[in-house]
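Notes to accompany the following structure.
Numbering (the numbering used here), first residue to last: 48 to 137.
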């Protein structure tokens, strides 16, 4: 059975990617706070695109796209781990 080799550089890259990902989530969350502050119920339902201005729509779409990219990334990483463990088990 072959053991996994985890290099220090790979751990540092992983931590950097997670940190950058969290930074993007924090920035998008802070930008979306402007929508909460300026929401007007006469413009439409809460979190509907009709009640947002163009900047808030762009931020909202980027936030949802970032979530989708994170899901794709997690599936990719999970697939790589599964393949490595399956290959090492045989």
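No residue lacks a Cβ here, since even glycine has one placed at the ideal position from N, Cα and C.
Item                                                                                                  : Value
Please state the DSSP three-state secondary structure of residue 99.                                  : coil
Within this structure, are the beta carbons of residue 141 and residue 79 separated by less than 8 Å? : Lying outside 48 to 137, the shown extent of the chain, residue 141 is not represented and no answer is given.
Taking just the CA atoms, how far does residue 73 sit from residue 82?                                : 15 Å
Cβ of residue 86 within 8 Å of Cβ of residue 95?                                                      : no
Is the separation between the beta-carbon of residue 69 and that of residue 106 shorter than 8 Å?     : no
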